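Each residue of the sequence shown is one higher than the one before, counting from 179 in this note's numbering. Glycine is no exception: its CB is placed at the ideal position from the N, C-alpha and C atoms. Bear in mind that the values here come from a model prediction, so they are computed numbers and not experimental data.
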Amino acid sequence: MTRYHANLVGWGMSVPDNVLTNDDLAKMVDTSDEWIRSRSGIVERHIVQEGETTKTMSVDASKKALERAGLTAQDLDLILIATSSPDEFIPPVSSRIQHELGAQCGAMTLIVGCTGFLYALVTAEQFIATGAAKNVLVVGVETISRNLDWSDRTTCVLFGDGAGAVVLQATETPCGVQSHLLGSDGSGADHLMAPGVGARTVMTPGMIERGEHYLRMNGREVFKFATGKMVEALAQVMAEAEVGADDIDLFVPHQANRRIIEYAAAQAGFPMDKVYINLDRYGNTSAASVPLALNEALDRGLAGPGDTLALVAFGSGLTWGATIFELGSMQSEEKQSEKHRAALEHEAVAA
């Protein structure tokens with residue numbers, strides 16, 4: 179039986195035009211630019227405005243990824259949307275995105291907090307490996323600002339909105355996920371949650387007055403969890419893939435806190451010039467965090483065909499995930515065919 183691999187052939191991102199700086203926040207809540215920078219590394223974040231939603235950002239990012247891949251939505255066999263802030267819980271936002279794109283394939287939403295994109299990436303690779311899907315769209319997206327208490331400086335200064343998408347295509351050439359680890363420990367679930375959102379309770383005016391629909395976080399506990407799990411997860415996937423720090427061309431971590439990223443990089447043996455950080459410009463975009471950073475790194479030429487990436491994330495649940503991902507040709511069969519036709523036409527004209 180043929181073993182297929184996941185070639186990353188397209189990528190795209192979308193963030194709101196509206197930028198909220200630390201100085202802007204200092205006018206809204208008891209904080210300052212220095213306080214936010216020193217504790218998180220964040221300088222600004224993008225926040226949705228009226229008309230911008232999880233669906234609209236996902237569609238925008240997906241169209242860019244498909245265009246780069248030289249594919250259309252009709253070429254897709256599966257759509258995976260990782261988000262903890264769907265536009266509604268019923269219907270799944272993945273179906274709205276599938277319809278808006280004009281795709282004719284299955285679509286599902288994965289709710290795994292900030293780790294969602296890695297869960298979706300690994301899931302996509304499994305569908306491709308078995309031959310069940312040839313082209314899979316994976317999107318990490320959040321409109322998290324609409325569930326923030328803008329009077330709570332411990333949370334509202336940290337998060338932002340955005341979407342990052344990738345297209346994976348089956349190939350027989352080895353590449354894609356070389357190893358992975360997906361973890362969950364529900365004993366820490368209360369450390370990062372929106373207690374009033376869901377079917378466990380019926381939302382009442384009293385709950386809204388108490389802000390139980392807003393995101394709440396025990397920052398100290400999440401910080402302790404993150405520093406330990408990022409290092410542990412990295413070590414496991416690197417050992418499984420039989421690679422060392424020198425074999426990794428770029429480390430793309432979840433963008434939650436600069437101190438956490440620097441600690442994990444140091445423990446894994448990665449010099450900071452091998453670590454991609456855009457936390458300062460976007461804040462923590464949860465499930466969109468890793469794909470936004472990956473998109474920028476690819477656009478800037480910091481990673482390319484044949485390079486080996488280390489991706490790691492942690493989030494609510496509490497969950498964590500990591501993968502060693504090898505970039506293949508980064509060109510779809512369709513894109514290669516286009517280039518071949520163009521070359522033949524050029525030769526014909528020259529003759």
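Distances from the alpha-carbon of residue 497 to those of 430, 189 and 407 put 407 closest. DSSP, reduced to helix, strand and coil, places residue 252 within a helical segment of the structure shown. Per DSSP, reduced to three states, the secondary structure at residue 222 is strand. In the DSSP assignment, residue 273 falls outside any beta strand (DSSP E) and lies within the alpha helix (DSSP H) extending over 271-279. If you compare the alpha carbons of 235, 225, 426 and 350 with that of residue 511, the shortest gap goes to 350. With distances taken between CA atoms, residue 265 lies nearest to 228 out of 300, 396 and 228. Between the C-alpha atoms of residue 335 and residue 401 there is a straight-line separation of about 16 Å. By the CB criterion at 9 Å, residue 294 and residue 435 fall outside the cutoff.
The region 179-193 makes contact with the region 307-323; the number of CB pairs closer than 8 Å reaches 3 or more. For residue 411, there is no enclosing beta strand (DSSP E); the residue is part of the alpha helix (DSSP H) that begins and ends at 397-419. Spatial neighbours of residue 396 in its own chain (CB-CB distance under 6 Å, excluding positions within 5 residues in sequence) are listed in chain order as 369. Using a Cβ distance threshold of 9 Å, residue 342 and residue 317 count as a contacting pair. Nearest to residue 312 by C-alpha distance, out of 472, 187 and 446, is 187. The beta carbon of residue 209 sits closer than 8 Å to those of 200, 203, 331 and 335, all from its chain and outside the five residues before and after it, given in chain order. Between the alpha carbons of residue 471 and residue 454 lies a gap of roughly 7 Å.
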